[in-house]
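Read the structure below first, then the notes.
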Amino acid sequence: MKTLIAYSTTLGCTEQCASRLKEDLGPGVDLFRISRRRKINLDLYKTVIIGGSIHEGLIQRSVRKFCETYIDKLLKIEVGLFICCVESGEDEKELLNRAFPDELLSHSLANGYFGGELNFKKMNLLQKIMSRKKARLEEIPEIDFDLILTFAEKLQQPIT
Ligand SMILES: Cc1cc2nc3c(=O)[nH]c(=O)nc-3n(C[C@H](O)[C@H](O)[C@H](O)COP(=O)(O)O)c2cc1C
Numbered sequence: 007m008k009t010l011i012a013y014s015t016t017l018g019c020t021e022q023c024a025s026r027l028k029e030d031l032g033p034g035v036d037l038f039r040i041s042r043r044r045k046i047n048l049d050l051y052k053t054v055i056i057g058g059s060i061h062e063g064l065i066q067r068s069v070r071k072f073c074e075t076y077i078d079k080l081l082k083i084e085v086g087l088f089i090c091c092v093e094s095g096e097d098e099k100e101l102l103n104r105a106f107p108d109e110l111l112s113h114s115l116a117n118g119y120f121g122g123e124l125n126f127k128k129m130n131l132l133q134k135i136m137s138r139k140k141a142r143l144e145e146i147p148e149i150d151f152d153l154i155l156t157f158a159e160k161l162q163q164p165i166t
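Here is the structure:
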């Protein structure tokens, strides 16, 4: 049975991370961009990985809705969860905890944070204004590809 990576992205960063994760996991992985209008049959999958990005402290509403809609099924199969954001340290853990339902977080085999980007070229004016504070971070945020690989390895470890 296959693995599904279901993700939402606002400016393309999470999509990039999802593609990289698919490569790291190897064959048998489908990508699915979450949209409130698209349904998916999770019966085809042994593992479902769900990811999204953080905007003003919250993950996309469509990701929260996806978790709510499929929660019964998700709690019966293997799950991985990840976020993209530019906060680091303790903040990223808190954002992850706020992004997904508690029961899914404790059921999940791997909970990951992959870093993020501030892609001003793709932002509209409002997004530029809203993310201005983040742009004052000491280091320029970037995707952490090593963390994506570690997450993939953790998911592939046999369950003991
Ligand atoms: C309007 C806006 C608000 C954001 N708010 C947060 C935030 O509260 N915390 C954070 O860590 N990152 C925040 N970010 C950074 C995004 O999480 C980061 O740009 C991420 O890589 C976006 O992924 P995406 O392109 O898949 O949507 C914000 C970015 C924008 C544009």
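For my numbering, add 6 to where a residue sits in the sequence shown, where the first one is 1.
Virtual Cβ for every residue (Gly too), placed ideally from N, Cα, C.
Let me check understanding here. Comparing Cα to Cα, which of the options lies closest to residue i?
| i | options | result |
| --- | --- | --- |
| Lys-128 | Ala-12, Thr-9, Ser-14 and Gly-18 | Gly-18 |
| Leu-80 | Thr-53, Arg-104 and Ser-94 | Thr-53 |
| Glu-109 | Val-85, Ile-135, Gly-118 and Gly-32 | Val-85 |
| Gly-34 | Tyr-51, Ser-41, Ile-135 and Glu-159 | Tyr-51 |
| Arg-70 | Lys-140, Ser-41 and Ala-116 | Ser-41 |
| Gln-162 | Gln-22, Lys-99 and Leu-27 | Leu-27 |
| Glu-145 | Thr-75, Ser-94 and Met-136 | Ser-94 |
Does the distance from the CB of residue i to the CB of residue j come in under 8 Å?
| i | j | result |
| --- | --- | --- |
| Leu-10 | Ile-55 | yes |
| Ile-154 | Asp-30 | yes |
| Cys-73 | Phe-38 | no |
| Phe-126 | Lys-134 | yes |
| Lys-160 | Leu-115 | yes |
On the premise that residue j lies in contact with residue i, defined as a C-beta separation below 8 Å, what is that separation, rounded to the nearest angstrom?
| i | j | result |
| --- | --- | --- |
| Gly-58 | Ser-14 | 4 Å |
| Thr-20 | His-61 | With 8 Å as the limit, Thr-20 and His-61 do not qualify as a contact, their Cβ atoms being about 11 Å apart. |
Residue i to residue j, Cα distance in whole Å?
| i | j | result |
| --- | --- | --- |
| Ala-158 | Pro-147 | 21 Å |
| Asn-117 | Ile-149 | 16 Å |
| Arg-104 | Gly-63 | 8 Å |
| Leu-111 | Leu-132 | 32 Å |
| Arg-44 | Gln-66 | 15 Å |
| Ser-68 | Ile-77 | 14 Å |
| Met-136 | Phe-151 | 26 Å |
| Lys-8 | Asn-130 | 37 Å |
| Gln-22 | Asp-97 | 22 Å |
| Lys-99 | His-113 | 16 Å |
| Asn-47 | Gly-32 | 21 Å |
| Arg-156 | Pro-164 | According to the sequence provided, residue 156 is Thr. The question's Arg does not apply to it. Near 14 Å, if we compare the C-alpha coordinates of Pro-164 and Thr-156. |
Cβ contact check for the region 116-131 and the region 80-91: 3 or more pairs under 8 Å: In this structure the region 116-131 lies against the region 80-91, because at least three pairs of beta carbons, one per stretch, are closer than 8 Å.
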